[in-house]
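Colleague:
Protein chains in written order, with this note's numbering: chain B, 17 to 542; chain C, 517 to 629.
1) Is residue 322(B) closer than 8 Å to residue 479(B) when the C-beta atoms are compared?
2) Measure from the C-beta of residue 593(C) to each C-beta in chain B and report whether the shortest distance is under 8 Å.
3) Would you mind sorting residue 533(C) into buried or exposed? The rule is 16 or more other CB atoms within 10 Å of its CB.
4) Can at least three beta-carbon pairs, one atom from the segment 259-274 of chain B and one from the segment 500-520 of chain B, be found at a separation below 8 Å?
5) Got a sec: which bits of the segment 557-587 of chain C sit with their beta carbon under 7 Å from any beta carbon on chain B, in order along the chain?
6) Would you kindly work out how many angstroms separate the C-alpha atoms of residue 285(B) and residue 263(B), rounded to a whole number?
7) Specify the secondary structure class of residue 92(B) as computed by DSSP and reduced to three states.
8) Would the segment 395-415 of chain B count as touching the segment 140-151 of chain B if we require 3 or more Cβ pairs under 8 Å?
9) Cβ of residue 610(C) within 8 Å of Cβ of residue 544(C)?
10) Taking contact to mean 3 or more Cβ pairs, one atom from each stretch, closer than 8 Å, check whether the segment 185-202 of chain B and the segment 336-344 of chain B are in contact.
11) So, under 8 Å CB-CB, residue 484(B) and residue 515(B) are touching, yes? Tell me the CB distance rounded to an integer number of Å.
12) Please report the straight-line C-alpha distance between residue 369(B) and residue 268(B), rounded to a whole angstrom.
13) Of all the residues that make up the segment 605-617 of chain C, which are near chain B by a beta-carbon distance shorter than 8 Å?
14) Identify the continuous beta strand (DSSP E) that holds residue 423(B) and give its terminal residues.
15) For residue 197(B) and residue 266(B), I'd like the C-alpha separation in whole angstroms.
16) Looking at the secondary structure, which residues open and close the alpha helix (DSSP H) in which residue 392(B) lies?
17) Helix, strand or coil: how does DSSP classify residue 109(B) here?
18) Check this for me: beta carbons of residue 98(B) and residue 117(B), under 8 Å apart or not?
19) Whose C-alpha, out of 399(B), 471(B) and 303(B), is nearest the C-alpha of residue 446(B)?
20) Is any beta-carbon of chain B found at less than 8 Å from that of residue 624(C)?
21) In whole angstroms, what is the alpha-carbon distance linking residue 407(B) and residue 327(B)?
22) Can you check whether the C-beta of residue 99(B) is within less than 8 Å of a C-beta belonging to chain C?
23) Going by DSSP in three states, residue 64(B) sits in which element: helix, strand or coil?
24) In terms of DSSP beta bridges, what is residue 330(B) paired with?
25) Hey, how far is the Cα of residue 144(B) from the Cα of residue 287(B)?
26) For residue 530(B), which of helix, strand or coil comes out of DSSP?
27) Could you check what DSSP says for residue 269(B) in three-state terms: helix, strand or coil?
28) For residue 287(B), which beta-bridge partners are listed by DSSP?
29) Given residue 418(B), which residues of its chain have a CB within under 7 Å of its CB, disregarding the five upstream and five downstream residues?
30) Using the beta-carbon count (16 or more within 10 Å), is residue 91(B) buried or exposed?
31) Closer than 8 Å, CB to CB, is residue 102(B) near chain C or not?
32) Give, in chain order, every unbroken run of the alpha helix (DSSP H) that is at least 4 residues long and sits entirely within the segment 548-579 of chain C.
33) Could you name the residues of chain B that residue 628(C) contacts, counting a contact when the two beta carbons are closer than 8 Å?
34) With a threshold of 8 Å between beta-carbons, can residue 62(B) be considered close to chain C, or not?
35) May I ask you to report which of helix, strand or coil DSSP gives residue 49(B)?
36) Do residue 425(B) and residue 85(B) have their CB atoms nearer than 8 Å?
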């Protein structure tokens, strides 16, 4: 079968790229390993979701056929999609955008110039992007409008910009207190921009401020992902075909050109031809697919990064729970940059509403018992008074943190699985510790009596914010894709997901993935 | 499917009610945590072995005949043991996980939509 373009993965990047190409009149094949899901089919299981996946997850990969190998401190182990270390993303149409918290951050201008701003810490692979903020700004603005962002004017740290298409969602009590405290501290704050309808828009309802936002599908379909915006629009053109439960085995490359892919669907192996292939399977699988397809690049699979998330926890003297979701409501950008002796920083905001079991497992100070009457008393007392303020810490990447093909373990199709090894650079820990301290300071100023945080440890970090494995750059020896998202040396092969991020910003990366995908797809063939 | 021995099975309700004791809100037994643990046994039969080991370890300390305070001291002594640690964490999961769980009600997690 012949197409003009094939898009591998219907997530944040792939969904956007597919729509851009279909709107341009190209015949597009979209291949997605997951299925269409909604709230009814994905549910609200507090033990099986992308915030806490003890025994599986609600938008999962088949744990029988999907595995990865984690190499850590001389030991290797095989992990299933829902287990710690796999670093899973949702496998469904829309991928993570069906179940995300939908924070719609632009990266800061300095996020594109990390090496120039801070120098390169020894042993790290910190580098500048080949493009800058101004290059991406118009694309940010387009995705904010076309997918739909609700927000307030940005902090003074960010460049002036057009108003968001929708006003911010309702402000919960925790956010109100953080807002006041940021004012008193002279830090400034802004509402967290969200890819969520705060008012009815594009034929869908507004957010009803439920308690199950991040990790779950939206009860009113007010959360804007590619599954309810870009992908349906692509299909509406009549130019796009979406095949779900299709696993791409290989991209075909011949004489330095992409010629198509082989995928498996319902047990049948199918060869699809196209002169354009856009890989958007997220940083781990995109790198693996390119490795399996014979792409030659020393940078391929390296610089794997995500975000360190720790943050500060605190207890107010009185009840602040009002159940107004999603929960991430007020942020300060005061510490994204300009922190003395620290590389980069992070946006800090209140966290999404935690389910009681996530709270029971993850949020306890060390001196509170983990079970028994004292624990039960603590749960009842602390849950309504509790707040977490934290954010995605900009990581200092390492070339040794990488995705390779495991020499021994195979997937359900007999292909080598992804092997993850290495850790972030130790500088990331210093930034993380610094951000924890600023979070604690903020919570104290907001009136919390008890404040605590956990020390970060050196580890591999990827998670749902995984990035870096197909680094963008002008020098083919140091990068995998060029400044337009095209794989060096392979005509017609593009990458349109977080893989291309040189560094990952001190912000949730999805809006950057979407904006870059739109820019890349718009430039294809141009 | 493997089953707990009678000796182990008789200790399980006593144990889980020490992890989440009944008070003004239901304890683990009343909240149906035994059913949750049973579902873990079905999903992953190897779990049974761990529970058997953990509960027999408690039995060896004369668990059932002790006062609640003494039982807590025994659990405190053994909580680092992998089998006991799993039993504790799964008891908490059975109690607190889910929008309609007893734990959600107890802490005031109210679902509005």
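The C-beta atom is built at its ideal place from N, Cα and C for all residues, glycine as well.
Small disclaimer: the values here were computed from a predicted structure and weren't measured.
Modeller: Taking the definition as stated:
1) Cβ distance < 8 Å, so residue 479(B) and residue 322(B) count as in contact.
2) Not an interface residue.
3) When all chains shown are included, residue 533(C) counts as buried.
4) Because the criterion of three Cβ pairs below 8 Å is met, the segment 259-274 of chain B and the segment 500-520 of chain B touch.
5) Cβ contacts with chain B come from 559.
6) Each residue's alpha carbon lies about 9 Å from the other.
7) Strand at residue 92(B).
8) Taking one beta carbon from each stretch, the segment 395-415 of chain B and the segment 140-151 of chain B have 3 or more pairs nearer than 8 Å; the two touch.
9) Contact flag set, yes.
10) Touching, yes.
11) 7 Å between Cβ atoms; contact.
12) Distance between the alpha carbons of residue 369(B) and residue 268(B): 45 Å.
13) Going along the segment 605-617 of chain C in chain order, one finds 605, 607, 608, 609, 612, 613, 614, 615 and 617 with a Cβ nearer than 8 Å to chain B.
14) Note, residue 423(B): beta strand (DSSP E), 418-426.
15) Each residue's alpha carbon lies about 53 Å from the other.
16) Counting along the chain, the alpha helix (DSSP H) containing residue 392(B) begins and ends at 388-398.
17) Here residue 109(B) sits in coil by DSSP.
18) No.
19) Among 399(B), 471(B) and 303(B), the Cα nearest to that of residue 446(B) is on 471(B).
20) By this cut-off, residue 624(C) is an interface position.
21) Computed Cα separation, rounded: 6 Å.
22) By this cut-off, residue 99(B) is not an interface position.
23) Residue 64(B): strand per DSSP, three-state reduction.
24) BP columns for residue 330(B) point to 403(B) and 467(B).
25) The alpha-carbon separation between residue 144(B) and residue 287(B) amounts to approximately 38 Å.
26) DSSP, reduced to helix, strand and coil, places residue 530(B) within a helical segment of the structure shown.
27) For residue 269(B), the three-state secondary structure derived from DSSP is strand.
28) Note: residue 287(B) sits in a beta bridge opposite 278(B).
29) Within the same chain, 317, 318, 320, 437 and 438 come within 7 Å of residue 418(B) by CB-CB distance, once the 5 residues on both sides are set aside.
30) The Cβ neighbour count for residue 91(B), taken over all protein chains shown within 10 Å, is under 16; the residue is labelled exposed.
31) No, residue 102(B) does not count as interfacial toward chain C.
32) 549-559 and 562-575, all fully within the segment 548-579 of chain C.
33) Counting only Cβ-Cβ distances below 8 Å, residue 628(C) has contacts in chain B at 224, 225, 226, 227 and 339, in chain order.
34) Chain C contact via Cβ: present.
35) Note: residue 49(B) maps to coil in three-state DSSP.
36) For the pair residue 425(B) and residue 85(B), the CB atoms are nearer than the 8 Å cut-off.
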